[in-house]
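Going by full-length UniProt numbering, the sequence shown opens with residue 1, and the numbers climb by one from there.
Backbone N, C-alpha and C fix where the C-beta goes; we use that ideal spot for every residue, glycine too.
No experiment lies behind these values; they were computed from the predicted model shown.
Report on the following structure.
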Amino acid sequence: MPITIDDNDFPASYDTTLNLLQIVRSQAHLIKKITGKSSWLDYPDNNIQKILTQLESDGSQIDALIASNATNATNISNNTAAINSINSISRPRILWKPARAQNFTVGTTASTIYTITIPAGTCSVDSILNLHINVFGSNTTNTKTFLVTCNGTTITNFNLGQNTTYPYKKRIAFNGALNSPYCTAIGDGGYSTSAGSYLSAFADFSQSQTILIRGSASIANESIFINGAYLELI
Numbered sequence: 001m002p003i004t005i006d007d008n009d010f011p012a013s014y015d016t017t018l019n020l021l022q023i024v025r026s027q028a029h030l031i032k033k034i035t036g037k038s039s040w041l042d043y044p045d046n047n048i049q050k051i052l053t054q055l056e057s058d059g060s061q062i063d064a065l066i067a068s069n070a071t072n073a074t075n076i077s078n079n080t081a082a083i084n085s086i087n088s089i090s091r092p093r094i095l096w097k098p099a100r101a102q103n104f105t106v107g108t109t110a111s112t113i114y115t116i117t118i119p120a121g122t123c124s125v126d127s128i129l130n131l132h133i134n135v136f137g138s139n140t141t142n143t144k145t146f147l148v149t150c151n152g153t154t155i156t157n158f159n160l161g162q163n164t165t166y167p168y169k170k171r172i173a174f175n176g177a178l179n180s181p182y183c184t185a186i187g188d189g190g191y192s193t194s195a196g197s198y199l200s201a202f203a204d205f206s207q208s209q210t211i212l213i214r215g216s217a218s219i220a221n222e223s224i225f226i227n228g229a230y231l232e233l234i
């Protein structure tokens with residue numbers, strides 16, 4: 001049953017025959033004035049064993065919660081591939097773009113103009129990679145060759161005409177799996193047979209891959225000019 005509090009401010013102060021009940025009621029009244037509570041239905045439990053049992057129960061619930069969180073963390077870790085594929089949700093986005101137009105000196109041995117790294121987990125099976133490069137051959141009659149490779153496979157190889165700009169475009173998509181990419185030219189098929197040729201299964205995009213933009217010439221100290229380029233993921 002609840003404790004009933006005497007609402008008299010000083011019920012015991014004028015009583016010469018104070019007893020314990022009056023003192024308790026007087027103190028309880030002061031507590032009421034401080035706390036605003038007039039009754040308590042639950043008494044403190046002084047049964048140590050009961051308290052320990054409750055603490056053990058609470059501890060077990062905490063342990064179960066920790067174990068549950070650990071299981072969830074493991075499940076998340078085991079679904080790394082699924083998490084990586086979420087990256088594609090933010091598509092389309094630009095994966096690579098040079099800061100400015102630039103002229104490159106090339107020679108008789110092919111040299112790398114740009115290196116594009118595509119980290120593992122960037123692509124999903126429904127991704128498309130579009131590579132756009134405006135490449136310009138210098139105003140000479142010397143042979144100037146523009147090349148693009150991926151995973152060591154040449155996906156583009158054509159000669160630049162004298163004082164001519166080429167809006168080069170190439171597309172990489174996937175035939176149901178990241179290790180089964182296929183590559184085609186965008187638009188009219190490129191500027192030579194090799195520029196627009198169809199390639200397949202040349203790399204595994206579940207792993208990190210590198211695309212190299214390269215150039216060479218029939219003599220030393222020739223020029224290839226790149227005026228705008230980007231790699232787009234859609």
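Among the options, whose alpha-carbon lies nearest the alpha-carbon of residue i?
i	options	result
residue 141	118, 159, 94, 166	159
residue 173	122, 215, 219	122
residue 228	102, 220, 66	102
residue 213	112, 62, 71, 64	112
residue 186	207, 132, 199	132
residue 232	206, 117, 95	95
residue 225	163, 127, 53	163
residue 206	179, 146, 127	179
residue 200	211, 220, 215, 175	175
residue 169	130, 157, 146	130
residue 171	215, 114, 230	230
Here's a check: name, in chain order, each residue in its chain whose Cβ is nearer than 8 angstroms to the Cβ of residue i, leaving out the five neighbours to either side.
i	result
residue 202	150, 151, 153, 155, 181, 183
residue 143	159, 217, 218
residue 222	105, 106, 107, 138, 140, 142, 144
residue 110	145, 147, 214, 215, 216
Compare the C-beta of residue i with all C-beta atoms of chain C and state if any pair is closer than 8 angstroms.
i	result
residue 186	Annotation note: the requested chain C is absent from the structure, which comprises a single protein chain.
In three-state terms, what does DSSP make of residue i?
i	result
residue 69	helix
residue 127	coil
residue 62	helix
residue 111	strand
residue 105	strand
residue 141	coil
residue 53	helix
residue 100	coil
residue 215	strand
residue 167	strand
residue 200	strand
residue 122	coil
residue 133	strand
residue 173	strand
residue 162	coil
residue 157	strand
residue 181	strand
residue 224	strand
Short of 7 angstroms in beta carbon distance, which residues of its chain neighbour residue i, apart from the five on each side in sequence? Order them along the chain.
i	result
residue 177	125
residue 220	107, 108
residue 120	206, 207, 208
Quick check on the burial criterion: 16 or more other C-beta atoms within 10 angstroms. Buried or exposed for residue i?
i	result
residue 97	exposed
residue 198	exposed
residue 62	exposed
residue 116	buried
residue 211	buried
residue 147	buried
residue 188	Residue confidence for residue 188 is low, a pLDDT of 46 falling below 50, so the modelled location carries little weight; the figure read from the coordinates is stated next. So residue 188 ends up on the exposed side.
residue 14	The predicted model places residue 14 with a pLDDT of 49, which falls under 50 and marks its position as unreliable, so this point remains unresolved.
So, for residue i: in the same chain, excluding its five sequence neighbours on each side, which residues have a beta-carbon less than 6 angstroms away from its beta-carbon?
i	result
residue 118	209
residue 204	179
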